[in-house]
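Novice: The working numbering applies: residue 2 is where the sequence shown begins, and numbers increase by one.
Ideal placement from N, C-alpha and C gives every residue a C-beta, glycine not left out.
Input: one structure, supplied below.
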Amino acid sequence: MNPRDSDDDRPAAAAAGSAAPQQPPQPLDWRFAQVFGERAAGEDVQEVDIISAIEFDKSGDHLATGDRGGRVVLFERTDARDQHANRSELERQDVPITRHPEFRYKTEFQSHEPEFDYLKSLEIEEKINKIKWCQTANNALFLLSTNDKTIKYWKVQEKKIKQVSVMTLDTTTVGHGATSRASTSTSKSPLPNGGSSEKSDGVNSDLLFPPGGYPSLRLPVVTTSQDVNLAARCRRVYAHAHDYHINSISNNSDGETFISADDLRINLWNLEINSQSFNIVDVKPTNMEDLTEVITCAEFHPTHCNTLAYSSSKGSIRLIDLRQSALCDNHSKIFEEHEAPGARSFFTEIIASISDVMFSRDGRYLLSRDYMTLKLWDLNMDSGPVSTFQVHEHLRPRLCDLYENDSIFDKFECCLSGDGLHVATGSYGNLFRVFGSTPGSTEVTTLEASRNPMRRQMANPNRPTRGTMTSMARGVRRGGENLGVDANGNSLDFSTKLLHLAWHPTENSIACAAANSLYMYYA
């Protein structure tokens with residue numbers, strides 16, 4: 002399937018009552034591609050090496066990761082589509098024309114350092130919370146990275162190495178061909194500038210410039226080598242604008258502005274101005290005792306520069322229009338799923354909190370992740386989600402245990418394929434799940450972040466059940482099978498969890514983080 006096909010060509014028309022709905026695409030066959038930072042069996046993982054952010058750039062040719070040690074690591078694609086070889090040459094060499102993306106390490110730099118806020122007596126971790134790629138210019142890469150308090154704008158560029166050429170001094174001839182006495186001296190050799198490395202009480206005629214001087218004495222010259230060095234330079238620092246921890250940043254499609262969000266506020270920045278920002282959303286009540294929800298994530302629309310969405314801890318997503326007012330206290334749309342009567346429990350609001358939201362590539366759909374489910378929303382239908390995907394429903398009876406060990410507060414990310422046909426998110430046991438998102442699709446694939454991603458597959462997974470109502474009328478609930486237990490029925494280790502993953506923007510390739518290891522898969 003062509004990844005450039007618009008999501009409008011998907012079976013959305015079938016949801017509107019088309020008599021001949023399109024067939025869902027074939028399930029993807031996932032395979033291991035490569036791994037970076039794979040640890041040996043029994044090897045301890047350093048806390049600072051654990052990956053905390055992953056992001057592809059828009060072209061998919063570069064991948065960035067951030068870790069808890071404040072470092073940003075860049076990878077570049079190497080299988081890049083050989084433009085010099087024609088098809089016949091490739092066939093003659095028996096080289097497959099379509100290959101999965103292959104990346105290699107490019108460079109890394111220290112983005113953030115640990116700090117201490119003396120006014121609040123608060124330690125500020127160096128951990129990278131989010132990374133966002135910006136528009137490239139002049140063969141340079143630009144990206145934003147943030148920790149809890151400070152956002153930085155980085156420029157990464159290849160620079161040719163400049164060095165001072167070594168001064169050479171030939172002391173075998175002087176003047177009009179006469180031999181210098183300095184050239185025959187073995188104990189008192191002259192320095193390149195004509196001086197002496199030994200001190201003496203009188204003038205040593207052996208070390209004086211001979212009549213006529215040294216004809217081979219040359220001044221130093223700065224030369225440019227053919228070797229290149231990648232240099233990362235911090236262009237701007239956007240600081241002192243958030244009282245609470247920054248949970249997300251997002252670039253605007255205009256290429257000039259971006260937003261940063263913490264628990265109670267969203268600020269709008271201009272990339273060229275770091276001295277001020279504009280507060281566009283403020284949910285802080287006059288009395289903090291009246292606080293009922295916080296902002297969990299914010300994301301700009303991919304094509305409409307005036308539209309953004311932000312999610313809350315109550316499970317709602319608000320769409321706001323920057324053209325309506327300077328302070329966007331009122332939303333233009335709200336997306337939320339009302340709970341069934343009598344279904345409320347102590348954990349209802351905790352597991353309803355949305356940890357991540359993202360737009361589809363064409364901006365038509367919104368994908369959200371709460372603790373138990375993935376939800377796909379149509380921006381034109383705010384009555385409820387188009388589809389609901391069960392991520393780890395088998396954990397619902399164990400919510401009390403998850404609350405006791407704080408696992409219930411884990412923030413899982415989600416991602417959407419470039420063609421909009423699949424969604425993915427992580428779970429415990431270093432597992433992640435891929436769902437077919439088209440109406441009528443029953444595709445559910447569980448993979449493990451390892452060299453053998455399919456080894457945790459169940460032999461006979463339960464297929465999702467269907468009712469008589471159309472999927473668009475009531476929302477689809479898929480993937481509720483009892484995964485996440487081994488052959489002996491033992492529960493998964495909650496300490497191994499796959500929180501961060503990203504989908505290649507144009508191809509079926511996923512990068513995901515398991516502790517300090519970066520795994521990549523393709524289909």
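In whole angstroms, what is the alpha-carbon distance linking I1 and N280?
Specialist: Outside the shown range of the chain, which is 2 to 524, sits residue 1, and nothing can be said about it.
Novice: Could you give the uninterrupted runs of the beta strand (DSSP E) lying entirely in the segment 232–271, keeping only those of 3 residues or more?
Specialist: Those beta strand (DSSP E) runs which fall completely within the segment 232–271 and span 3+ residues are 249–252, 258–262 and 266–271.
Novice: What does the alpha-carbon distance come out to for the pair M521 and N252?
Specialist: Going from the Cα of M521 to the Cα of N252 covers about 25 Å.
Novice: Give the range of the beta strand (DSSP E) segment to which I318 is assigned.
Specialist: Its beta strand (DSSP E) spans residues I318 to D322.
Novice: Hey, F260 and T297: beta-carbon distance below 8 Å or not?
Specialist: What sits at residue 260 in the sequence shown is Ile, not Phe. It is not a contact, given that the beta carbons lie outside the stated cut-off.
Novice: Kindly list the residues whose CB is nearer than 6 Å to the CB of P342, restricted to its own chain and excluding five residues on each side of it in sequence; keep chain order.
Specialist: Result list for P342: empty, nothing under 6 Å.
Novice: Helix, strand or coil for S388? Go by DSSP, reduced to three states.
Specialist: Looking at S388 - three-state DSSP - the assignment turns out to be strand.
Novice: Relative to the C-alpha of H423, which residue among T439, D379 and A299 is closest?
Specialist: Checked all of T439, D379 and A299; the closest Cα to H423 is T439.
Novice: With distance defined between alpha-carbon atoms, name the residue in F143, Y523, E350 and T447 nearest to A233.
Specialist: Of F143, Y523, E350 and T447, the residue nearest in Cα terms is F143.
Novice: Could you work out which residue in G430, E449 and L367 is closest to G421 when comparing CA atoms only?
Specialist: Considering only alpha carbons, the answer is L367.
Novice: Within this structure, are the beta carbons of A516 and H501 separated by less than 8 Å?
Specialist: Against a cut-off of 8 Å, the Cβ pair of H501 and A516 comes out as no contact.
Novice: How long is the line joining the alpha carbons of C401 and H395, rounded to whole angstroms?
Specialist: Each residue's Cα considered, the two are about 13 Å apart.
Novice: How long is the line joining the alpha carbons of S188 and I162, rounded to whole angstroms?
Specialist: Reliability of the predicted coordinates at S188 is poor, the pLDDT of 47 falling under 50, and no value is obtained from them.
Novice: Buried or exposed for R105, please, with buried defined as at least 16 other CB atoms from any protein chain shown within 10 angstroms of its CB.
Specialist: Burial call: exposed.
Novice: Please report the straight-line C-alpha distance between P221 and E273, rounded to a whole angstrom.
Specialist: Whole-angstrom Cα-Cα distance: 39 Å.
Novice: Let me know if V238 comes out buried or exposed under the rule of 16 or more other beta-carbons within 10 Å of its beta-carbon.
Specialist: Classification for V238: exposed.
Novice: Going by the beta-carbon positions, is the gap between L432 and L417 smaller than 8 Å?
Specialist: No, they are not a contact pair.
Novice: Looking only at C-alpha atoms, which of D45, L75, G38 and E44 sits nearest to E56?
Specialist: Closest option to E56, Cα to Cα, is L75.
Novice: Starting from the Cα of K315, find the closest Cα among N271, N307, H393 and R370 and give me that residue.
Specialist: K315 has its Cα closest to that of R370, out of N271, N307, H393 and R370.
Novice: Looking only at C-alpha atoms, which of V157, K376, N406 and K156 sits nearest to D494?
Specialist: It is N406.
Novice: Check each candidate in Y523, Q111 and E126 and name the one with the smallest Cα separation from D118.
Specialist: Comparing Cα-Cα distances from D118 to each of Y523, Q111 and E126, the minimum goes to E126.
Novice: According to DSSP, what are the bridge partners of Q164?
Specialist: T224.
Novice: To the nearest angstrom, how far is it from the Cα of S451 to the Cα of F33?
Specialist: If I take the Cα positions, the gap works out to 8 Å.
Novice: For the candidate residues E103, H302, P28 and Q47, whose alpha-carbon lies nearest to that of D62?
Specialist: Of E103, H302, P28 and Q47, the residue nearest in Cα terms is E103.
Novice: Alpha carbons only, please: which of S226, Y429, K160 and K128 is nearest the one belonging to T66?
Specialist: Out of S226, Y429, K160 and K128, K128 has the C-alpha closest to the C-alpha of T66.
Novice: Helix or strand or just coil, what does DSSP make of A353?
Specialist: A353: helix per DSSP, three-state reduction.
Novice: Quick check on this structure: which residue in T389, S428 and I247 has the alpha carbon closest to the alpha carbon of D411?
Specialist: The residue with the shortest Cα to Cα distance from D411 is S428.
Novice: I'd like the list of long-range same chain contacts for G70, defined as Cβ closer than 7 Å, with 5 residues on each side in sequence excluded.
Specialist: Only V49, D50 and E127 meet the Cβ criterion.
Novice: When you compare only the Cα positions, how much space is there between K121 and W270?
Specialist: Computed Cα separation, rounded: 25 Å.
Novice: For G256, does the count of other Cβ atoms within 10 angstroms reach 16, so buried, or fall short, so exposed?
Specialist: Exposed, since its Cβ has fewer than 16 Cβ neighbours within 10 Å.
Novice: If the criterion is Cβ atoms closer than 8 Å, does the pair L231 and K107 meet it?
Specialist: Cβ atoms of L231 and K107: closer than 8 Å.
Novice: For D228, which residues from the same chain have a beta carbon less than 8 Å from its beta carbon, with the 5 sequence-adjacent residues on both sides left out?
Specialist: Answer for D228: K161 and I162, listed in chain order.
Novice: Which runs of the beta strand (DSSP E) fall wholly inside the segment 385–443 and span at least 3 residues, in chain order?
Specialist: Segments of the beta strand (DSSP E) lying fully in the segment 385–443: 388–391, 415–417, 423–427 and 432–437.
Novice: Could you give the DSSP three-state label for V1: helix, strand or coil?
Specialist: An answer regarding residue 1 cannot be provided, because it is not within the stretch 2 to 524 covered by the chain.
Novice: Looking at the structure shown, is V295 part of a helix, part of a strand, or coil, going by DSSP?
Specialist: Three-state result, V295: coil.
Novice: Compute the beta-carbon to beta-carbon distance between S249 and C306, rounded to the nearest angstrom, for a pair I have assumed lies under 8 Å.
Specialist: About 18 Å; that fails the 8 Å criterion.
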